[in-house]
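Colleague: As numbered in numbering that gives the first Met the number 0, residues 0 to 336 make up the sequence shown, in order. My structure is below; once you've seen it, I'll send some questions.
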Amino acid sequence: MSISIRDVAQRAGVSVSTASRALNDKPDVARDVRERVLQAARDLNYTINVHARALVGGRSKTLGLIIPDSAEPFFAQVARGVTDAATRHGYSIIVCNTNEQAAPELQAHHMLREKRVDGLLTSSVQSGSAPVRRFLAEGIPCVLLNRCLADLVVDCVLSDYRQGALDATAHLYSLGHRDIAHLTWRDDRYSVRERVAGYREALEAHGLLFDPTRVLRTTPDADAIYQFVRTELVSLRPPPTAVFVYNDRFSVIVLKALHDAGWRVPEDAALVGYDDLEFARFLEPPLTTVAQRPYDIGQTGAEILLERLQWPEEQPWAPRRVVLRPELRVRASSGVR
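The following block contains the structure:
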């Protein structure tokens, strides 16, 4: 039996018109009432019929894309992949940048709902699953890009962070390195946890002891990374012979800091980054790195979303989870021992 908005209203103890206004995020609905209606919709697995929504309001032929940092080359490539796929299907993109903060992220969700986008892609989940749930409750398909939420089952496209970190660390081991440090964020995000897990798995698979003191955590600020390398990394005793770095942006700063400290790469310390951004092969020495395929992540996510929109009644209920395996790109920075 199909669930109607009348069922949602009855369960929430409100009128049909109030339920409709709550689901459409109208400002004249009290917060507690809105939450009660949304919870009722979730409990009943209620979604607005996509065809009915198109008949009432018409398709906007617009998709929303929320990214955490538009200045990051990685997310620029994700956005390009999304845009190229959308353009091929006659859709426009509204891109929102959150600066890794919950408040701008919530504002972006609200604005995109006001713009009546047909679908949402997001790489920013600082505010948790509630904003995405609200889109889904209205029958608006959503895809997470390089992010996942433990409490929300939804379409997502991910890079296999763990495998990438495992490959990077195993590569350094194959070159004779036995003291490999990992420089990463002071953050508990999924990508950080998975890279550390892959690094650890590679060490233990080769009979090496995982030493938590060799996992070096810093902030993403460029000056902070530089100072951290100059004061912390180069002071390790014994000094590591190789460093696996969280991403390529960090790696550029690590290269500079090691050079200024009198260390040679790869002679004194081999270096492996993560992302394979456009500039990686032009560094001196060229950077060995894990190619994460950000363009493919964006393009694949957009294609999934567009399929949901094109054939809503033919799509399987089970959300799709696509994991793209990264590829190690070996260059001079890891050296040969």
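C-beta atoms are modelled at their ideal positions from N, C-alpha and C, and glycine is treated no differently. Quantities reported herein were computed from a predicted structural model and do not represent experimental measurements.
1) Tell me which residues share the same chain as GLU104 and place their Cβ nearer than 6 Å to its Cβ, disregarding the 5 neighbours each side in the sequence.
2) Got a sec, what are the start and stop residues for the alpha helix (DSSP H) GLY118 sits in?
3) Please report the straight-line C-alpha distance between VAL253 and LEU276, rounded to a whole angstrom.
4) Under three-state DSSP, which class holds VAL32?
5) Buried or exposed: which applies to PRO238, given that a residue is buried once 16 or more other Cβ atoms fall within 10 Å of its Cβ?
6) Using a threshold of 8 Å, state whether the C-beta atoms of ALA78 and LEU62 are closer than that.
7) In terms of DSSP beta bridges, what is PHE243 paired with?
8) Quick check on DSSP: helix, strand or coil for ARG320?
9) Pick helix, strand or coil for ARG328, following the three-state DSSP scheme.
10) Enumerate in chain order the residues of its own chain whose CB-to-CB distance from ARG33 is below 6 Å, with the five nearest sequence positions on each side excluded.
11) Could you compute how far the alpha carbon of ALA317 sits from the alpha carbon of HIS109?
12) If I measure Cβ to Cβ from TYR294 and keep anything under 7 Å in the same chain, skipping five residues before and after, which residues do I get?
13) Looking only at its own chain, which residues have a Cβ that is under 7 Å from the Cβ of THR82, when we skip the five neighbours before and after it?
14) How is LEU105 classed by DSSP in three states: helix, strand or coil?
15) State yes or no: is the C-beta of THR288 within less than 8 Å of the C-beta of VAL271?
16) Quick check: the region 278-285 against the region 154-170, are there 3 or more CB pairs under 8 Å?
17) Fully enclosed by the region 65-105, which beta strand (DSSP E) runs are 3 residues long or longer?
18) So, with DSSP's three-state summary, where would you put GLY163?
19) Assess contact between the region 225-235 and the region 190-209, defined as three or more Cβ pairs (one per stretch) separated by less than 8 Å. Is contact present?
20) Could you check if LEU54 is buried or exposed, using at least 16 other CB atoms within 10 Å of its CB as the buried criterion?
21) Put ALA279 into one of helix, strand or coil per three-state DSSP.
22) In three-state terms, what does DSSP make of GLY197?
23) Considering VAL7, what are the terminal residues of the alpha helix (DSSP H) in which it resides?
Modeller: So, from the listed chains and residues:
1) THR97, SER123, GLN125 and SER126
2) No alpha helix (DSSP H) contains GLY118, which is instead part of the beta strand (DSSP E) from 118-121.
3) 16 Å
4) helix
5) exposed
6) no
7) HIS181 and VAL271
8) strand
9) strand
10) ALA21
11) 27 Å
12) GLN76, ARG79 and GLY80
13) ILE92
14) helix
15) yes
16) no
17) 91-96
18) helix
19) no
20) Summary for LEU54: the model assigns pLDDT 46, below 50, so the residue's position carries little reliability; its value from the coordinates is reported in the next sentence. It is exposed - the Cβ of LEU54 has fewer than 16 other Cβ atoms within 10 Å.
21) helix
22) helix
23) 4-11
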